[in-house]
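Line by line, the protein sequences give chains A and B.
With the numbering used here applied, the first sequence corresponds to residues 61 to 422, in that order.
With the numbering used here applied, the second sequence corresponds to residues 61 to 422, in that order.
There are 2 protein chains.
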Amino acid sequence: MSPPTDPAPTPGEGTRTPVLADVAELAGVSQQTVSRVVRGSGSVARRTRERVEQAIAELGYQPNAAARALVTRRSHRIGVVAASTSLYGPALTLVGVQEAARAAGYSVTVVMVSDLLPTTVAEAFQELRGQTVDGAIAVVPEDASQAAVAATDAAFPCVLAPGLDGAGVPDAYWSEVAAARAVTEHLLALGHRTVHHVGGPVDWAESRARSTGWRTALVEARRVVPRPVRGDWTAASGYRAGREVLAAGATAIFCGNDHMAIGVVRAATEGGLSVPGDVSVVGFDDVPEAAYLNPPLTTVRQDFTEIGRRCVRVLLGRLNRRVVEPGALTPELVVRQSTGPAPVAAVTAAAGTDAPRSPVAG
Amino acid sequence: MSPPTDPAPTPGEGTRTPVLADVAELAGVSQQTVSRVVRGSGSVARRTRERVEQAIAELGYQPNAAARALVTRRSHRIGVVAASTSLYGPALTLVGVQEAARAAGYSVTVVMVSDLLPTTVAEAFQELRGQTVDGAIAVVPEDASQAAVAATDAAFPCVLAPGLDGAGVPDAYWSEVAAARAVTEHLLALGHRTVHHVGGPVDWAESRARSTGWRTALVEARRVVPRPVRGDWTAASGYRAGREVLAAGATAIFCGNDHMAIGVVRAATEGGLSVPGDVSVVGFDDVPEAAYLNPPLTTVRQDFTEIGRRCVRVLLGRLNRRVVEPGALTPELVVRQSTGPAPVAAVTAAAGTDAPRSPVAG
DNA sequence: CCCTCGAGTGCTAACGTTAACAATGTTCGA
DNA sequence: TCGAACATTGTTAACGTTAGCACTCGAGGG
Numbered sequence: 061m062s063p064p065t066d067p068a069p070t071p072g073e074g075t076r077t078p079v080l081a082d083v084a085e086l087a088g089v090s091q092q093t094v095s096r097v098v099r100g101s102g103s104v105a106r107r108t109r110e111r112v113e114q115a116i117a118e119l120g121y122q123p124n125a126a127a128r129a130l131v132t133r134r135s136h137r138i139g140v141v142a143a144s145t146s147l148y149g150p151a152l153t154l155v156g157v158q159e160a161a162r163a164a165g166y167s168v169t170v171v172m173v174s175d176l177l178p179t180t181v182a183e184a185f186q187e188l189r190g191q192t193v194d195g196a197i198a199v200v201p202e203d204a205s206q207a208a209v210a211a212t213d214a215a216f217p218c219v220l221a222p223g224l225d226g227a228g229v230p231d232a233y234w235s236e237v238a239a240a241r242a243v244t245e246h247l248l249a250l251g252h253r254t255v256h257h258v259g260g261p262v263d264w265a266e267s268r269a270r271s272t273g274w275r276t277a278l279v280e281a282r283r284v285v286p287r288p289v290r291g292d293w294t295a296a297s298g299y300r301a302g303r304e305v306l307a308a309g310a311t312a313i314f315c316g317n318d319h320m321a322i323g324v325v326r327a328a329t330e331g332g333l334s335v336p337g338d339v340s341v342v343g344f345d346d347v348p349e350a351a352y353l354n355p356p357l358t359t360v361r362q363d364f365t366e367i368g369r370r371c372v373r374v375l376l377g378r379l380n381r382r383v384v385e386p387g388a389l390t391p392e393l394v395v396r397q398s399t400g401p402a403p404v405a406a407v408t409a410a411a412g413t414d415a416p417r418s419p420v421a422g
Numbered sequence: 061m062s063p064p065t066d067p068a069p070t071p072g073e074g075t076r077t078p079v080l081a082d083v084a085e086l087a088g089v090s091q092q093t094v095s096r097v098v099r100g101s102g103s104v105a106r107r108t109r110e111r112v113e114q115a116i117a118e119l120g121y122q123p124n125a126a127a128r129a130l131v132t133r134r135s136h137r138i139g140v141v142a143a144s145t146s147l148y149g150p151a152l153t154l155v156g157v158q159e160a161a162r163a164a165g166y167s168v169t170v171v172m173v174s175d176l177l178p179t180t181v182a183e184a185f186q187e188l189r190g191q192t193v194d195g196a197i198a199v200v201p202e203d204a205s206q207a208a209v210a211a212t213d214a215a216f217p218c219v220l221a222p223g224l225d226g227a228g229v230p231d232a233y234w235s236e237v238a239a240a241r242a243v244t245e246h247l248l249a250l251g252h253r254t255v256h257h258v259g260g261p262v263d264w265a266e267s268r269a270r271s272t273g274w275r276t277a278l279v280e281a282r283r284v285v286p287r288p289v290r291g292d293w294t295a296a297s298g299y300r301a302g303r304e305v306l307a308a309g310a311t312a313i314f315c316g317n318d319h320m321a322i323g324v325v326r327a328a329t330e331g332g333l334s335v336p337g338d339v340s341v342v343g344f345d346d347v348p349e350a351a352y353l354n355p356p357l358t359t360v361r362q363d364f365t366e367i368g369r370r371c372v373r374v375l376l377g378r379l380n381r382r383v384v385e386p387g388a389l390t391p392e393l394v395v396r397q398s399t400g401p402a403p404v405a406a407v408t409a410a411a412g413t414d415a416p417r418s419p420v421a422g
């Protein structure tokens, strides 16, 4: 509506966004005093402060972040490099990051990478460094980000989300391993001879942790370890993997995430198999829908938001030259109705019966 | 590992991040020339440019965004105010925004709001304005953001995601209405007397659009319009709403999104009703899992990513004083197996039969 | 041969803020 | 009553970049 008149910098005219000097003039003090009031540092007489505050309110003054960042060398912004923020886990982690960052007075710049090539990820980090963020968090599979982070300036602190740190195998990893173990043991306890595995992409640390937990439990129980089939986190890939694993005669399947589990259940159903009558399926993540699926999905609950919060805590700590212990997370097995006792006869024949309460097969 | 030695600004010592002046000195030219090379503007002799470029590479120079923003008054960053980025639609829209922004050389700062109070949203915009972003996109229900956007400085361009603009009812709205109509008509064509509705929160424009389309179709076909039940997009709320609607004798249910549809299907299944034998259920969004649910869900496919891309296009256009037509999106009805002919006897009795191919009831 | 033009380059002054220091009063103990 | 310590305020110089102008060359037209 308004004509595109070029707002020439005619002083004292028009509605130029107010700056420190304007406030100072209106309040009748020096810029420095206004600055002190704005930052809440240094000592300012009560009367003066009130006058300044009123001037600020009157003018609607808001400090210029760029100017401040230039002189302070602190932008109060952190960067996040994320793979696909549409994936359930990363999306929630991002929420946690946002939450914690905001609470600490930081804003968040997100850079999404479309693929996981180390080059791409490294570029993303470089981009953030150029954007004068104070530090960065990688919500990207470790394999891709680790090298990129290592190549980064030491003055540019980075935190890896899944592992919470590049140095050493972190707690988060082991809790996932433990959870996957618990899943496998749950299935074994139900009488299944062994447990098949539909895993996520191998280049995700989460995938490997879950696979490791599964394998360990199997080996410890002296069971056959079937060759795991890998998907890409999607239901579609789960469906394909499911058909494959089912063809191999699986009666219990542990999936790397809930969405793939959905695909596996679908594959079973289409194959005339009932879940959990003929085959038990377990997911991972506990997406909000898991409890309402057909059948309600047994899965592992994971507090992704908390992971995000912790990343921020660690990063902000590092910015202030403090070391913050990330602490352990405890994923929790949630048993619902997609797991049940092993079928009496473990054949791939398509028997449509749902065999209630069949005794555990030794 | 490295001791926390305070990097004092001793000139020419240590590994201070290189600035324009350093490059200029190394290349034996003035800062201005380096600046011209970096920005690719102005005329620079070929030989000089090469020398400068080599110096840049040698020093690993990267321009300081804060300084540049300070003098240019352009940060090449846009802000996004989003409700819950963990919701499927907003998450994908954010992906689209990222994609398009990046391609145009912009980075993205996200501010998440936890609730939809106009105050909260307005605060989020203020925060962005202070962060010197060039403009903002609201991926927030219009009701909450419209006022906030209106209250914003004219010099701070904003775009509303769902509507693509605050002025006038946008195309996106009407395409959703049309899609909801198509859903309802599909259900009616299958012989259902009427269609029940489990809608999303009323303060979302998307919700209202879908409800409107549903209602219109019903009225036009001169059918009874049942009272819609509202959920909050989650499967849990869908489940509750589903029980309610089912108790009212629904045989066809149109849900505001796929997750609520999952809850509704669950409610039906638990009530001993088969889907689509006894009751048909339709979702909205076409989440990637929809095709693999039990039964595969009939729904409406929606290109959220494209919405995000368009927002950026419109915003960037406005930044350059150009008006960009957002253009229409065409959501598409995807018929799968959760919808079928109306049952012969529309009673709430729990008959476990799946009544295949029952003829359409006039 | 002079004048103009344009390409190529450099100098200087911003942009809006904060840090460091200097300069006021003011108070309090001796 | 004097000086030290303190509270309060102002002055000056950065921070790293770009815009505007001025300058120096050669080339080409009259």
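Even for Gly, the Cβ is constructed at its ideal location relative to N, Cα and C.
All values derive from a computational prediction rather than experimental measurement.
Candidates the options: closest to residue i by CA position
i	options	result
His246 of chain A	A:Pro78, A:Val94, A:Asn354 and A:Arg396	A:Arg396
Phe216 of chain A	A:Asp194, A:Trp234, A:Tyr233 and A:Val199	A:Asp194
Ala198 of chain A	A:Gly251, A:Ala208, A:Gln191 and A:Thr192	A:Ala208
Gly139 of chain A	A:Leu176, A:Tyr148, A:Thr179 and A:Gly190	A:Gly190
Ala141 of chain A	A:Val243, A:Val157, A:Gly102 and A:Arg128	Contrary to the premise, residue 141 of chain A reads as Val rather than Ala in this sequence. The shortest Cα separation from Val141 of chain A among A:Val243, A:Val157, A:Gly102 and A:Arg128 belongs to A:Val157.
Arg241 of chain B	B:Thr359, B:Gly120 and B:Gly331	B:Thr359
Gly291 of chain B	B:Gln92, B:Gly273 and B:Ala321	B:Ala321
Pro178 of chain B	B:Thr153, B:Ala211 and B:Leu152	B:Ala211
Ala87 of chain B	B:Pro78, B:Val79 and B:Thr108	B:Thr108
Val237 of chain A	A:Asp263, A:His252, A:Gly251 and A:Thr272	A:Thr272
Glu349 of chain A	B:Gly165, B:Ser297 and B:Phe344	B:Ser297
Gly100 of chain A	A:Ala312, A:Glu113 and A:Gly120	A:Glu113
Gly168 of chain B	A:Leu220, A:Val181, A:Glu187 and A:Val305	In the sequence as presented, Gly is not what sits at residue 168 of chain B; that position holds Val. Among A:Leu220, A:Val181, A:Glu187 and A:Val305, the Cα nearest to that of Val168 of chain B belongs to A:Glu187.
Residue-chain proximity (residue i, chain B), Cβ-Cβ < 8 Å
i	result
Arg189 of chain A	yes
Asn354 of chain A	yes
Tyr166 of chain A	no
Asp225 of chain A	Interpretation of Asp225 of chain A is limited by its pLDDT of 48, a score under 50 that renders its predicted location unreliable; no figure is taken from the coordinates.
Arg369 of chain A	no
Gly343 of chain A	no
Arg109 of chain A	no
Leu232 of chain A	Per the sequence shown, residue 232 of chain A should be read as Ala rather than Leu. So no, Ala232 of chain A is outside the interface.
His319 of chain A	yes
Val404 of chain A	no
Thr179 of chain A	no
Minimum Cβ-Cβ distance from residue i to chain A less than 8 Å
i	result
Ser205 of chain B	no
Val374 of chain B	no
Gly228 of chain B	Unreliable placement is indicated for Gly228 of chain B, whose pLDDT of 48 sits below 50; the coordinate value is still reported in the next sentence. No, Gly228 of chain B does not count as interfacial toward chain A.
Leu130 of chain B	yes
Arg326 of chain B	yes
Gln114 of chain B	no
Within chain B, partners of residue i - CB distance below 8 Å
i	result
Pro123 of chain A	Gly190
Val360 of chain A	In chain order: nothing, as chain B lies at least about 18 Å away.
Val155 of chain A	Ser144, Thr145, Ser146 and Met172
Residue span of the alpha helix (DSSP H) that contains residue i, given as start and end
i	result
Gln297 of chain A	Correcting the residue identity first, residue 297 of chain A is Ser in this sequence and not Gln. Unbroken alpha helix (DSSP H) run through Ser297 of chain A: Ala295 to Ala307.
Phe364 of chain B	Phe364 to Leu379
Phe185 of chain A	Pro178 to Gly190
Gly273 of chain B	Ala265 to Glu280
Listed by chain order, chain B residues near residue i by CB distance under 7 Å
i	result
Ile322 of chain A	Glu349, Tyr352 and Leu353
Ser135 of chain A	Ala126
Thr399 of chain A	The contacting residues do not exist; Thr399 of chain A stays about 16 Å from chain B at best.
Chain A residues whose Cβ lies nearer than 7 Å to that of residue i
i	result
Leu152 of chain B	Ser146
Gln92 of chain B	By Cβ distance, chain A contributes nothing, its closest Cβ being about 19 Å from Gln92 of chain B, past 7 Å.
Beta-carbon neighbours of residue i, restricted to chain A and to distances below 8 Å
i	result
Ser295 of chain B	In the sequence under discussion, the amino acid at residue 295 of chain B is Ala, which differs from the Ser named in the question. Result: Pro348, Glu349, Ala351 and Tyr352.
Run of the beta strand (DSSP E) containing residue i, from where it starts to where it stops
i	result
His136 of chain A	Careful: His136 of chain A lies outside any beta strand (DSSP E) and carries neither H nor E.
Leu147 of chain B	Element bounds for Leu147 of chain B: n/a, residue is neither H nor E.
Chain-ordered neighbours of residue i on chain B, where CB pairs are closer than 9 Å
i	result
Thr169 of chain A	Arg137, Ser167, Val168, Thr169 and Val170
- Does the segment 320 to 332 of chain B come close enough to the segment 361 to 379 of chain B to have 3 or more Cβ pairs within less than 8 Å? no
- Contact between the segment 151 to 169 of chain B and the segment 144 to 153 of chain A (3+ Cβ pairs under 8 Å): yes
- Message: For the structure I just gave you, are there three or more beta carbon pairs, one from the segment 253 to 266 of chain B and one from the segment 310 to 318 of chain B, closer than 8 Å?
- Response: yes
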